[in-house]
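Undergrad: This is the structure I want to talk about, given as structure tokens.
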Amino acid sequence: MGEGKQLPLFESKEASFRLVYKLFASTIFAAICWIWVYRFTNFPRAGEQGRWPWIAISMSELGFGLYWIITQSVRWKIIYQSPFKQRLSNRYGEDKLPSVDIFVCTADPLMEPPSLVINTVLSAMSYNYPPEKLSVYLSDDGGSELTFYALLRASDFSKHWLPFCRRFNIEPRSPEAYFSGHHSDDKEWLSIKKLYEGMKSKIESVQKMGKISEDMRKQHRGFSEWNPKMTKQDHQSIVQIIIDGRDRSAVDDDGFQLPTLVYMAREKRPNHPHHFKAGAMNALIRVSSVISNAPFILNLDCDMYPNNVDAVKEALCFFLDEEKGHAISHVQFPQNFHNITKNDLYGNSLPVINKFEMPGLCGYGAAVYSGTGCFHRRESITGMHFKDYKSKHDSYSKREDKRTVDELIDASKVLADCTYEQGTLWGKEMGLVYGISVEDVSTGLVISCRGWKSIYYNPERPAFLGMAPATMDVVLVQQTRWSEGMFQIFFSKYCPFIYGYRKIKLGVQMGYCVYLLWAPLSLPFLCYVIVPPICLLKGIPLFPQLTSPWFLPFAYAFLANAAYSLCEGQSCGQTFKGWWNLQRMRLIRRTTAYFIGFVDVIRKQLGLSQTKFVLTDKEASEDALRRYEQEVFDFGSSSVMFTMIATLALLNLFGFIGGMKSVIMDLNLNGSSQLILQTMLTALITMVNKPVYEALFIRNDKGRFPSSVIVKSMFLASLACCLASVF
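With my numbering applied, the sequence shown closes on residue 1056, and no number is skipped along the way.
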């Protein structure tokens, strides 16, 4: 036993073949340098045709090269983590394991249906962990009595669901996910399924009515908090302890203690900023400190349900390790999705980021906090610097609070008031950072700068499963918010190169910038899809001939990067078509959503707009879902970004046609052409845009481009061609 206590609770292993990769990367870097040399030594003279396009392409290639250098920071030292949960169980009995608070956040009962929310809550309550040491908090930023009603129904169902999960050791423990993927003729199985469907039917019928009947209101005193004058943006703080984990009578059907279950809707008033999800999380941190005050916190989005019953124990292996655990602030799990199509139509699954880039950042002792699926040490997220932290391995026993439920509720409501944070450090030095739409990323960066280490852990069985967007419109809105928020960090005082100077390693600073610079990356991409086709129409060459030695660095840099990207995708289990879909979505995202995000940040810097938080819609029409499952792209929106997609696709099609004519004429007259590489570039972009042309000219379903988008894109692409011929 004495020797067993000295064994580590987790181990770190460096990925193999890193030396081979470094040699390979150095050859690409050499090719990039030769491309820069070519651009500089062949610079057109003043007044010479093609000077400005040459400058634009040269700046784009400079941007591509510098960004590629930054991306190497997350591929230089890839570290994979492995916990030993059996050692944890042997070392800590159930009575010695620390308590864990679980935060589930929702904001709108229409975009995030209560039936979806309670599945996440129920699966969080069902962890393979002592239930008396779990406390589940639901933050309802919509302040909806419909969500509160759903949580009440879920609390009743949990008395049957938790024993069922234990008895049959099932996974996943989200009822909807479990029953949709399993079937049995067992009497108990059928009985539990009937109970679940009955609960779900009641919740959905109440949601359809849009209100709670008087009979239902009498079932719980918590409904007295709501009145007809309340709105989503104007209501008092509401805290209700639905299940009190201290109450010995709060047990399930098998007599086991139920986890504590709390509903919270923080106060909102029109004249007080509420800081979106960051404000909700900070209110949860304060409220939970009064009710349960667990030393560790797991936060989840309402659509990201736990999929691995041992995820809590696996995370605690990192925190409780005797040698390294005291320095760890948070353990981030990857975002995985249960509704990804076979070939990942919209590139939602992030396999390369999950398998290579995030573990690459972990090689420097840092992990990007992604906003969901993350375990936190309470001290680190409330603002404590690592140098001030004292390990409390021997004091994790749950404290006894003698206050009544009513007293706890009254004390909690004060902490959820909208005026509580005035004159405090909340949102600055305490809790999640305010003023940035991706508050999670900036908060993780700030925590790293306080001296804490963090872990990225990607288990074989996904710890959490969420719902990926099923329409192109929602995908691009989400990507716009992400790219805008991350570029906003780069422009703020939290820029890693400034805020992190001498606080975190250069590799961490660069690793963060791989994502913070998504938005400005749109500029070189837009240049590359606009300038070459226009110059083709005017016969202006921008690249060397195939017979020139300068052709080699261009060809090598492109082909080597593409081949390596394909190998990365294949090693992550991507199909070739899935990899091709990802290349298409990268092009689309970088020339639309990222550009919009870039423009929005510039407008904010000029004081022309304010930070907004756009909630991702979790619901899609049956027609849209059918197209998604059949892997048919959905362009059925009049969004500005859809006009951009169609215009750029048409411009490259026109450029390719014009380029082919010029190349054929040059070959007939001179036997060679300087436009071949340029034409090949537009041909590649045209191939990538095949689904766009189908949605423009062939398809007749609701997923095709609207007539207004077709007309506008045809006009804009034709105008660009006409202007090219004139100037």
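C-beta: ideal position from N, C-alpha, C; glycine also.
Among residues of its own chain, excluding the 5 on either side of F819, which ones have a beta-carbon nearer than 6 Å to its beta-carbon?
TA: Counting from one through the sequence shown, the residue named residue 819 turns up at place 490. So the qualifying residues of the chain are L845.
Undergrad: In whole angstroms, give me the CA-to-CA distance for L348 and K523.
TA: The residue labelled residue 348 in the question sits at position 19 within the sequence shown. The residue labelled residue 523 in the question sits at position 194 within the sequence shown. Approximately 57 Å between the Cα atoms of the pair.
Undergrad: Between which two residues does the beta strand (DSSP E) holding D802 run?
TA: Here residue 802 is taken as the residue at index 473 of the sequence shown, counted from 1. Segment M801 to F820 is the alpha helix (DSSP H) holding D802; no beta strand (DSSP E) there.
Undergrad: Between L871 and P382, which are expected to be in contact by the criterion C-beta below 8 Å, what is the C-beta distance as a whole number of angstroms?
TA: Locating residue 871 in the sequence shown gives position 542, where the first residue counts as 1. Locating residue 382 in the sequence shown gives position 53, where the first residue counts as 1. Contact holds; Cβ gap of about 6 Å.
Undergrad: What's the call for Y923, buried or exposed, on a 16-neighbour Cβ count within 10 Å?
TA: On the sequence shown, residue 923 is found 594 positions in, with the first residue counted as 1. Y923 is buried by the Cβ-count criterion.
Undergrad: According to DSSP, A594 sits in a beta bridge with which residue or residues?
TA: As a position in the sequence shown, residue 594 is number 265, starting the count at 1. Bridge partners of A594: I567.
Undergrad: Quick check for students: name the residue ranges of the beta strand (DSSP E) that lie wholly in the stretch 650-731, counting only runs of 3 or more.
TA: List check, beta strand (DSSP E) in window: 657-661 and 703-706.
Undergrad: Considering only their Cβ atoms, is the gap separating P438 from G471 smaller than 7 Å?
TA: As a first step, residue 471 is located in the sequence shown; it is residue number 142 there, counting from the start. As a first step, residue 438 is located in the sequence shown; it is residue number 109 there, counting from the start. In contact: G471 and P438 (Cβ atoms closer than 7 Å).
Undergrad: Decide if the stretch 708-716 is in contact with the stretch 578-597; the criterion is three or more beta carbon pairs, one per stretch, under 8 Å apart.
TA: The stretch 708-716 is not in contact with the stretch 578-597.
Undergrad: Where do the ends of the alpha helix (DSSP H) carrying Q378 lie?
TA: Mapped onto the sequence shown, residue 378 falls at position 49. Counting along the chain, Q378 falls outside any alpha helix (DSSP H), and DSSP gives it neither H nor E.
Undergrad: Of the choices K742, L491, P460 and E897, whose alpha-carbon is the least far from that of V568?
TA: The residue labelled residue 568 in the question sits at position 239 within the sequence shown. Looking at the Cα atoms, K742 is the closest of the given residues.
Undergrad: Taking the alpha-carbon positions, what's the K406 to C824 distance?
TA: Within the sequence shown, numbered from 1, the residue matching residue 406 stands at position 77. Within the sequence shown, numbered from 1, the residue matching residue 824 stands at position 495. C-alpha separation (whole angstroms): 23 Å.
Undergrad: Between V775 and the rest of its own chain, which residues show a CB-CB distance below 7 Å, the 5 nearest in sequence each way excluded?
TA: Reading the sequence shown from its first residue, position 446 is the one you call residue 775. If we look at V775 and ignore the five residues flanking it on each side, its Cβ neighbours are V762 and Y823.
Undergrad: Starting from S520, trace the alpha helix (DSSP H) in both directions and tell me its first and last residue.
TA: Walking along the sequence shown from the start, residue 520 turns up at place 191. Element bounds for S520: K516 to M538.
Undergrad: Alpha carbon to alpha carbon, how far is S503 from Y314? Give it in angstroms, no decimals.
TA: Any question about residue 314 goes unanswered here, given that the chain covers just 330 to 1056.
Undergrad: Which stretch, first to last residue, makes up the alpha helix (DSSP H) that contains V450?
TA: Position 121 of the sequence shown, counting from 1, holds the residue named residue 450. Here the alpha helix (DSSP H) through V450 covers P443 to M454.
Undergrad: Taking buried to mean at least 16 other C-beta atoms within 10 Å of its own C-beta, is S452 buried or exposed?
TA: To locate residue 452, count along the sequence shown from 1; it is residue 123. The residue is buried, with at least 16 neighbouring Cβ atoms inside 10 Å.
Undergrad: Restricting to runs no shorter than 4 residues, where is the alpha helix (DSSP H) found entirely within the stretch 977-1051?
TA: For the stretch 977-1051, whole alpha helix (DSSP H) runs of length 4 or above, ordered along the chain, are 1005-1017 and 1019-1026.
Undergrad: When you compare only the Cα positions, how much space is there between N890 and L480?
TA: Stepping through the sequence shown from its first residue, residue 890 is reached at position 561. Stepping through the sequence shown from its first residue, residue 480 is reached at position 151. One C-alpha to the other measures close to 50 Å.
Undergrad: Mind listing, in chain order, the continuous beta strand (DSSP E) runs of no fewer than 3 residues lying wholly within the stretch 332-418?
TA: Correct list: 339-343 and 408-412.
Undergrad: Which residues in the same chain have their Cβ closer than 8 Å to the Cβ of S418, if we skip the five residues on either side of it in sequence?
TA: Position 89 of the sequence shown, counted from the start, is the residue given in the question as residue 418. Once the five neighbours on either side are set aside, the close Cβ partners of S418 are K642.
Undergrad: Assign M559 to one of three DSSP states: helix, strand, or coil.
TA: For this step, residue 559 is matched to residue 230 along the sequence shown. Coil, per DSSP.
Undergrad: Taking 7 Å as the threshold (C-beta atoms), are M839 and V767 in contact?
TA: For this step, residue 767 is matched to residue 438 along the sequence shown. For this step, residue 839 is matched to residue 510 along the sequence shown. Cβ atoms of V767 and M839: not closer than 7 Å.
Undergrad: Leaving out the 5 sequence neighbours to the left and right, which residues in its chain are closer than 7 Å to K1031 when beta-carbon positions are compared?
TA: On the sequence shown, residue 1031 is found 702 positions in, with the first residue counted as 1. Result list for K1031: D952 and G965, in chain order.
Undergrad: Using the DSSP secondary-structure output, state which residues sit across from L627 in a beta bridge.
TA: Position 298 of the sequence shown, counted from the start, is the residue given in the question as residue 627. Beta-bridge pairing links L627 to I431 and F704.
Undergrad: Counting along the chain, where does the beta strand (DSSP E) carrying G834 start and finish?
TA: Locating residue 834 in the sequence shown gives position 505, where the first residue counts as 1. Reading off the sequence shown, one finds Lys at residue 834, where the question assumed Gly. Where K834 is concerned, there is no enclosing beta strand (DSSP E), given that its DSSP letter is neither H nor E.
Undergrad: Does DSSP put M914 in a helix, in a strand, or in coil?
TA: To locate residue 914, count along the sequence shown from 1; it is residue 585. Helix.
Undergrad: G902 to N371, Cα distance in whole Å?
TA: By 1-based counting over the sequence shown, the position of residue 902 is 573. By 1-based counting over the sequence shown, the position of residue 371 is 42. If you take the alpha carbons of G902 and N371, they lie about 43 Å apart.
Undergrad: Do you know offhand how far D723's Cα is from L629's?
TA: Translated into the one-based positions of the sequence shown, residue 723 becomes position 394. Translated into the one-based positions of the sequence shown, residue 629 becomes position 300. At D723, the pLDDT of 47 sits below 50, so the modelled position is not reliable; the number obtained from the coordinates is stated separately. One C-alpha to the other measures close to 28 Å.
Undergrad: Assuming P459 contacts L426 (C-beta within less than 8 Å), just tell me the rounded distance between them.
TA: If you number the sequence shown from 1, residue 459 lands on position 130. If you number the sequence shown from 1, residue 426 lands on position 97. Rounded, the Cβ-Cβ distance is 6 Å, consistent with contact.
Undergrad: Roughly how many angstroms lie between the CA atoms of N457 and F793, to the nearest whole one?
TA: To locate residue 457, count along the sequence shown from 1; it is residue 128. To locate residue 793, count along the sequence shown from 1; it is residue 464. Each residue's Cα considered, the two are about 14 Å apart.
Undergrad: In the structure shown, what three-state DSSP assignment does M330 receive?
TA: Here residue 330 corresponds to residue number 1 of the sequence shown, with the count starting at 1. With a pLDDT of only 43 at M330, under 50, the local geometry of the prediction cannot be trusted, and no value is derived from it.
Undergrad: Along the beta strand (DSSP E) that carries G551, what are the first and last residues, could you check?
TA: Translated into positions along the sequence shown, residue 551 becomes position 222. Segment: none, G551 is in no beta strand (DSSP E) and carries neither H nor E.
Undergrad: So, with DSSP's three-state summary, where would you put Y1057?
TA: The shown model of the chain, from 330 to 1056, leaves out residue 1057, and the question about it has no answer.
Undergrad: Thinking just about the alpha-carbon of each residue, which of I925, M989, Y957 and S991 is nearest to the one in V969?
TA: Taking the sequence shown and counting its residues from 1, the one referred to as residue 969 is at position 640. V969 has its Cα closest to that of I925, out of I925, M989, Y957 and S991.
Undergrad: Evaluate R956 with the Cβ neighbour count: other Cβ atoms within 10 Å of its Cβ, from every protein chain shown; 16 or more gives buried, anything less gives exposed.
TA: Taking the sequence shown and counting its residues from 1, the one referred to as residue 956 is at position 627. Label assigned to R956: buried.
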